[in-house]
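Here is the structure we will look at.
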Amino acid sequence: MTELPSVRGAEVGRRIGVGLMYGLWKPRVLGAWKVPASGPAILAVNHSHNIDGPMVMGVAPRPTHFLIKKEAFVGPLDPFLTRIGQLKVDRTTTDRTAITRALGVLESGGVLGIFPEGTRGEGDFASLRAGLAYFAVRSGAPIVPVAVLGSTERPGRLMKGLPALRSRVDVVFGDPFDAGDGSGRRTRRALDEATERIQKQLTEHLENARRLTGR
């Protein structure tokens, strides 16, 4: 049986994230109350900077298990990320272990974090991979759209790869929604249709978040 990532570890990760994110930057969090207080949920996060994941992990109201590319699990980061309940995924193949563990998180009522664009880019949800639709339709868990804005606006002077220290980063949580059509179908067509629905919802959330924050 595949071992599930530690919920206690993810809570430790959340507390570390809170300290780091609020210590280094000035997060402004909007709509965190929209994350279901209990039961399975999927946080679908746009991805334009390396701090987006840690930022959401730190400000989310519940401990979150993110699917993270295996390339990030290098050196001391490997045991650390594993200890704080994060999931290693090989993006070059169908990683059945990662899929089983991610579904296990949802089946046990946990929160799964996904970057649906698959890789860091413009962070505009323009290109979605099918993974998010698969997890949402298979588990029946609601998707909570999350927009991280401002992480790429002002690079730091000391550390060019990070936002300027004490700069504001906005994290906007949206209304949860179901990706499926209610039929329970898991066919390729059903997943394609779910991906279209998801993309529409995520894009609308991002537009609303930009209007709300002025970014």
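Residue 86 in full-length UniProt numbering is what sits at position 86 of the sequence shown, and the numbering runs on without skipping anything.
Glycine is no exception: its CB is placed at the ideal position from the N, C-alpha and C atoms.
Assuming residue i is part of the alpha helix (DSSP H), what are its boundary residues?
i, result
"residue 205", "188-213"
"residue 114", "Not the alpha helix (DSSP H): residue 114 falls in the beta strand (DSSP E), residues 111-114."
"residue 106", "96-107"
"residue 89", "Run containing residue 89: none in the alpha helix (DSSP H); it sits in the beta strand (DSSP E), 87-89."
"residue 73", "Unbroken run through residue 73: none, as it is neither H nor E."
"residue 133", "131-139"
At which residues does the beta strand (DSSP E) containing residue i begin and terminate?
i, result
"residue 68", "64-69"
"residue 173", "168-173"
"residue 147", "143-149"
"residue 162", "Taken as a continuous stretch (DSSP letters only), residue 162 belongs to no beta strand (DSSP E), as it is neither H nor E."
Taking its Cβ as the centre, do 16 or more other Cβ atoms sit within 10 Å of residue i, making it buried, or is it exposed?
i, result
"residue 217", "Past the edges of the chain, shown from 1 to 215, lies residue 217, and the structure says nothing about it."
"residue 101", "buried"
"residue 204", "exposed"
"residue 5", "buried"
"residue 37", "exposed"
"residue 93", "exposed"
In angstroms, rounded to a whole number, what distance separates the CA positions of residue i and residue j?
i, j, result
"residue 77", "residue 71", "10 Å"
"residue 103", "residue 167", "36 Å"
"residue 143", "residue 43", "6 Å"
"residue 75", "residue 81", "11 Å"
"residue 230", "residue 132", "Here the chain covers residues 1 to 215 and nothing more, so residue 230 does not appear."
"residue 58", "residue 176", "20 Å"
"residue 91", "residue 110", "22 Å"
"residue 49", "residue 151", "6 Å"
"residue 13", "residue 22", "14 Å"
"residue 153", "residue 162", "10 Å"
"residue 187", "residue 88", "26 Å"
"residue 181", "residue 190", "8 Å"
"residue 206", "residue 129", "17 Å"
"residue 184", "residue 68", "28 Å"
By Cβ distance below 8 Å, which residues in the same chain neighbour residue i in space, the five residues on each side in sequence not counted?
i, result
"residue 26", "166, 167, 168 and 169"
"residue 35", "41, 43, 60, 61, 62, 111, 144, 173 and 176"
For residue i, which residues from the same chain have a beta carbon less than 6 Å from its beta carbon, with the 5 sequence-adjacent residues on both sides left out?
i, result
"residue 66", "53, 86 and 113"
"residue 29", "59 and 171"
"residue 83", "9"
Just checking residue i against the ligand PLP - is the residue's beta carbon closer than 7 Å to any of the ligand's heavy atoms?
i, result
"residue 70", "Summarising the ligand content, the structure contains no ligands, and the ligand PLP is consequently not present."
Taking 7 Å as the limit between beta carbons, can you name the residues of its chain near residue i, skipping five residues before and five after?
i, result
"residue 197", "179"
Length-filtered (3 minimum) beta strand (DSSP E) runs lying within the stretch 4-68: Positions of the beta strand (DSSP E) runs, each at least 3 residues long and wholly inside the stretch 4-68, are given as 26-30 and 41-45 in order along the chain.
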